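**Q** Mind looking over this structure? Questions follow.
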Amino acid sequence: MKPQTVYDFPDVNGKFGIYGGKYVPETLISALDELEKLYFEVKKDEEFLSELDKLQKEYNGRPTPLTYAKRLTEHFGKAKIYLKREDLCHTGAHKLNNALGQILLAKKLGKTRIIAETGAGQHGVATATVCAKFGLKCAVYMGEVDIERQKLNVFRMKMLGAEVIPVSSGSRTLKDATNEAIRDWVTNVSDTHYIIGSVVGPHPYPMLVRDFQSVIGKETKLQILQAEKKLPDFIVACVGGGSNAMGIFYHFINNENVKLIGVEAAGYGLDSGKHCATLTLGEPGIFQGMKTYLLQDRFGQVSEVHSISAGLDYPGVGPEHSLLKDIERVKYFSVTDDEALEATLLLSKLEGILPALETAHAVAYLNKLMPETKKDEIVVVNISGRGDKDLNTIINKIGDNVL
Amino acid sequence: MIKIAEHIKKINNFEKKALSIFLTAGFPSKENFVEIALLVLESGADMLEIGIPFSDPLADGPIIQASSQHALENGVTLKDVFNYCKKIRAKTNKPLILMGYANPIIKYGIKNFCRDAVNSGAAGLIVPDVPLEEYESFYNGNFNDLEKILLTTPASSDKRIKEIDEKSEGFVYCVSVTGTTGMRKSFDENVLANLKRTYSIISKNKMMIGFGISNPENIKTFSPYCDGVIVGSAVIKKINETKNIDRISGFVRSLSLAAEGKM
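Same order as they appear, the protein sequences are chains A and B.
Taking our numbering, I'd label the letters of the first sequence as residues 6 to 408.
Taking our numbering, I'd label the letters of the second sequence as residues 1182 to 1444.
Here you go:
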């Protein structure tokens, strides 16, 4: 018999194997230590947990449904496909699960100002939303390229009372927005909490964002057991930083028979040099506070990357994904911009669900996965967000062809 | 190999503070860098900090970010940086200190980096995104003559400053303010109180203050609480503004005079 090892990461040093850690300027260490200490306290604090639970139910609309995708299943004619509907969360994506948890932490820390980075704008909107609800000042850093392609979300954030700060450095996307947010935090650490939007950055962020997002997988497990009396055979999620994927994977990691699949953005194609397939083609490096797989050149300079979806347009990935790749618990694949666009239309037409372009990468992978499945198997796809925000990009890309 | 601490001590013995100037390697151009570096040293800098360009310099403000970006666009690599060190070393005995972010260093290989840095005449290394927590795993046993310099900030507790003093070699880099590198309009009382606190705790090492120091007046203000000062962005800004060698030299000289207490 194989020895049973229970997956339990990060370790006491905030490491996922060799990945993770706290590669940050000295200024941030005391804030990270304070956050870590508080987080371990509230994890066991009934009052905190029930407050968060209440917010998730009454404000965020949890639990989100697990929808059987009848026509999509028939389309492939293989395993049964279920969709975990994070697109039905308040604000339209899984991002609010984490923002709600972190705003409660910020309140306990006595911070009066919140900052965040955003790519697609979904995390920015989620952060602006919780700041409006709890009456805290909010500044969101966003790359100029993303401000252009996610205009709708920029307007939403402003309506919610947040200041959106354009970032003009580097590739003017998510990576650069994150750099600027970290610089702001280094400067204003005494009164400011940084709500990181994904399972990235220095410890304890990858752990606490994962934990706040793990409600997705926890619900999925109960729902699929109720619907099918067994666990799924496959779970598919898109991976940029990787928070929706960690969220749905986490409670299944110790269920060996559940195959976990992360789908990265191959942009114009893996050969084009213009993609975000970090786990597929990257190498371990140190970036934005963590050791993790990274798209970089031979001199260790971080690569300029590309994805049609602003939320996946990131050269790094959460350190826990790096470990899960190395120990082969999760398999990572990638799909191109075009494949993601096609999948957006497919899900819209067959199920009446317009997914975010990020999410569409997970849906697109079904083209490769489904032929290999059997009729008595079950596939769950995490529908991490809705696609209304992407209409401009989609119209520009395919125009009248959609009609 | 010159020991940085001994060099600072010698300067302090003359009732002077050490002046270290930060320059981004390969800035303003690959061709002019060594010339500018030597000019800065001849104009009164006691040490030189050479910044290794990185695509994502988290601890730096806009001026050094831009110079780093510029150097990368000029194709500056670690090989170039080591060559600059050799050329500068051939003309001076003043300590050369490398400052670079973790990723280009581990990509080069920490062992190779430490070896090549010493061989090219560098005396010390500062890695702003490797704090105490990651010190052992980052250096991975590669401790040689290259002195590893650690940083304190206003957010560091007394206990932590002691630990940093214990581990740091060459000197302790005391970051004056919370924030990134770059010029500040003014420093409030809290800044001075913190410098006083830090200087009183540090016992094993010499202490140099950096971040935000941009003119002789700042140096005069900080001098009672340190063994030396580091100026970066203000010099790079000066190089950006003027191609006039005399003006750059004159600016460094004014900083040097302030460090000598002559202003």
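Ideal Cβ placement from N, Cα and C applies to all residues, glycine included.
This structure is a prediction, so every number in the text was calculated from the model and none was measured.
1. Any idea which residues DSSP pairs A/Q301 with across the strands?
2. Where A/Q61 and A/N102 are concerned, what is the direct C-alpha to C-alpha distance, given to the nearest angstrom?
3. Going by alpha carbons, who is nearest to B/N1193 out of B/P1405, B/L1306, B/V1358?
4. Taking the alpha-carbon positions, what's the B/N1284 to B/G1225 distance?
5. If you measure beta-carbon to beta-carbon, which residues of the segment 197 to 229 of chain A are closer than 8 Å to chain B?
6. List the residues of chain A whose Cβ lies closer than 7 Å to the Cβ of B/T1423, in chain order.
7. CB B/A1440 to CB B/L1200, shorter than 9 Å?
8. For a cutoff of 9 Å on Cβ pairs, would you count B/E1347 as touching chain A?
9. Write down the C-beta distance between A/S248 and A/V220 rounded to the nearest angstrom, noting that I regard them as a contact closer than 8 Å.
10. Opposite B/L1229 in the DSSP bridges: which residues?
11. List, in order along the chain, the chain B residues whose C-beta lies closer than 7 Å to that of A/R188?
12. So, helix, strand or coil for A/K7, using DSSP?
13. What in chain B is Cβ-close to A/P324, meaning under 8 Å?
14. Enumerate, from N- to C-terminal direction, the unbroken alpha helix (DSSP H) stretches of 4 or more residues contained entirely within the segment 1337 to 1371 of chain B.
15. Let me know the secondary structure DSSP gives A/G294 once reduced to three states.
16. Taking buried to mean at least 16 other C-beta atoms within 10 Å of its own C-beta, is A/Y12 buried or exposed?
17. Looking at the C-beta of A/P15, does it have a partner C-beta in chain B at a distance below 9 Å?
18. Could you please tell me which residues of the segment 112 to 141 of chain A, in chain order, have their CB closer than 8 Å to any CB of chain B?
19. Take A/G21 and list the residues in its own chain whose beta-carbon comes closer than 6 Å to its own, dropping the five residues that flank it on each side.
20. What are the start and end residues of the beta strand (DSSP E) that includes A/R90?
21. For the 8 Å Cβ check, are there 3 or more pairs between the segment 311 to 322 of chain A and the segment 1241 to 1255 of chain B?
22. Can a CB atom of chain A be found closer than 9 Å to the CB of B/V1372?
23. At least one CB of chain A closer than 9 Å to the CB of B/N1284: is that the case?
24. Just curious, the beta strand (DSSP E) that B/E1328 is in, first and last residue?
25. Report the option in B/N1264, B/I1278, B/K1329, B/I1411 whose CA atom is closest to the CA atom of B/E1350.
26. Using a Cβ-Cβ distance under 9 Å, would A/V194 count as near chain D?
27. Which of helix, strand or coil does DSSP assign to A/G413?
28. Would you mind stating whether A/E3 and B/S1318 have Cβ atoms separated by less than 9 Å?
29. Going by the beta-carbon positions, is the gap between A/E56 and A/S389 smaller than 9 Å?
30. In the DSSP assignment, what residue or residues form a beta bridge with A/K20?
31. For a contact meaning CB atoms closer than 9 Å, what does A/I34 contact in chain B?
32. B/Y1406: beta carbon under 8 Å from a heavy atom of the ligand HEM?
33. What is the residue span of the beta strand (DSSP E) that A/F239 lies within?
34. Identify, in the order they occur along the chain, each residue of the same chain with its Cβ nearer than 6 Å to the Cβ of A/R118, setting aside the five sequence neighbours on each side.
**A** By the coordinates alone:
1. Here residue 301 of chain A corresponds to residue number 296 of the first sequence, with the count starting at 1. BP columns for A/Q301 point to A/V307.
2. Residue mapping note: residue 61 of chain A aligns to position 56 of the first sequence, counting from 1. Residue mapping note: residue 102 of chain A aligns to position 97 of the first sequence, counting from 1. In a straight line, the C-alpha of A/Q61 is about 7 Å away from that of A/N102.
3. As a position in the second sequence, residue 1193 of chain B is number 12, starting the count at 1. If we check each option's Cα against that of B/N1193, B/P1405 comes out closest.
4. Sequence index remark: in the second sequence, residue 1284 of chain B carries index 103 (1-based). Sequence index remark: in the second sequence, residue 1225 of chain B carries index 44 (1-based). Approximately 32 Å, taken between the alpha carbons.
5. none
6. The count along the second sequence starts at 1 and reaches residue 1423 of chain B at position 242. Within chain A, no residue comes near B/T1423; the closest Cβ sits about 25 Å away, beyond 7 Å.
7. Here residue 1440 of chain B corresponds to residue number 259 of the second sequence, with the count starting at 1. Here residue 1200 of chain B corresponds to residue number 19 of the second sequence, with the count starting at 1. Going by C-beta atoms, B/A1440 is nearer than 9 Å to B/L1200.
8. By one-based count along the second sequence, residue 1347 of chain B stands at place 166. It does not; no Cβ of chain A falls within 9 Å.
9. Translated into positions along the first sequence, residue 248 of chain A becomes position 243. Translated into positions along the first sequence, residue 220 of chain A becomes position 215. About 12 Å separates the two Cβ atoms, so there is no contact after all.
10. Here the question's residue 1229 of chain B lines up with position 48 in the second sequence. Its beta-bridge partners are B/I1202, B/L1277.
11. In the first sequence, residue 188 of chain A corresponds to position 183, counting from 1. Result: L1239, T1361.
12. Locating residue 7 of chain A in the first sequence gives position 2, counting from the first residue. Its pLDDT being 47, under 50, A/K7 is placed unreliably by the model, and nothing is read from it.
13. To locate residue 324 of chain A, count along the first sequence from 1; it is residue 319. The premise fails here: A/P324 is roughly 13 Å from chain B at the closest Cβ pair, so nothing lies under 8 Å.
14. 1339 to 1348
15. Along the first sequence, one-based indexing puts residue 294 of chain A at 289. Correct three-state label for A/G294: strand.
16. Position 7 of the first sequence, counted from the start, is the residue given in the question as residue 12 of chain A. Exposed: under 16 other Cβ atoms inside 10 Å.
17. The residue you call residue 15 of chain A lines up with position 10 of the first sequence. False, the Cβ-Cβ gap to chain B never drops below 9 Å.
18. none
19. In the first sequence, residue 21 of chain A corresponds to position 16, counting from 1. As written in the sequence, residue 21 of chain A is Phe, which differs from the Gly given in the question. Same-chain partners within the cutoff: F14, P15, P324, E325, L328.
20. Stepping through the first sequence from its first residue, residue 90 of chain A is reached at position 85. That run of the beta strand (DSSP E) goes 85 to 90.
21. no
22. Taking the second sequence and counting its residues from 1, the one referred to as residue 1372 of chain B is at position 191. Not one chain A Cβ lies under 9 Å of B/V1372.
23. Position 103 of the second sequence, counting from 1, holds the residue named residue 1284 of chain B. Closer than 9 Å: yes.
24. In the second sequence, counting from the first residue as 1, residue 1328 of chain B sits at position 147. Taken as a continuous stretch (DSSP letters only), the beta strand (DSSP E) holding B/E1328 covers 1328 to 1333.
25. As a position in the second sequence, residue 1350 of chain B is number 169, starting the count at 1. Closest by alpha carbon: B/K1329.
26. In the structure shown, chain D cannot be found, because the protein chains are A and B.
27. In the structure displayed, chain A extends from 6 to 408; residue 413 of chain A sits before or after that span and is not available.
28. With chain A covering only 6 through 408, there is no way to say anything about residue 3 of chain A.
29. If you number the first sequence from 1, residue 56 of chain A lands on position 51. If you number the first sequence from 1, residue 389 of chain A lands on position 384. No, the Cβ-Cβ distance between A/E56 and A/S389 is not below 9 Å.
30. To locate residue 20 of chain A, count along the first sequence from 1; it is residue 15. In the DSSP output, where bridge partners are listed per residue, A/K20 has A/G25.
31. As a first step, residue 34 of chain A is located in the first sequence; it is residue number 29 there, counting from the start. Under the 9 Å cutoff, chain B gives P1312, L1313, E1314, T1334, A1336, S1337, R1341.
32. With respect to small molecules bound, the structure shown includes none, and the ligand HEM cannot be examined in it.
33. If you number the first sequence from 1, residue 239 of chain A lands on position 234. A/F239 -> beta strand (DSSP E) spans 239 to 243.
34. Here residue 118 of chain A refers to the residue found at position 113 when the first sequence is read from its first residue. These residues qualify, in order along the chain: K142, D196, T197.
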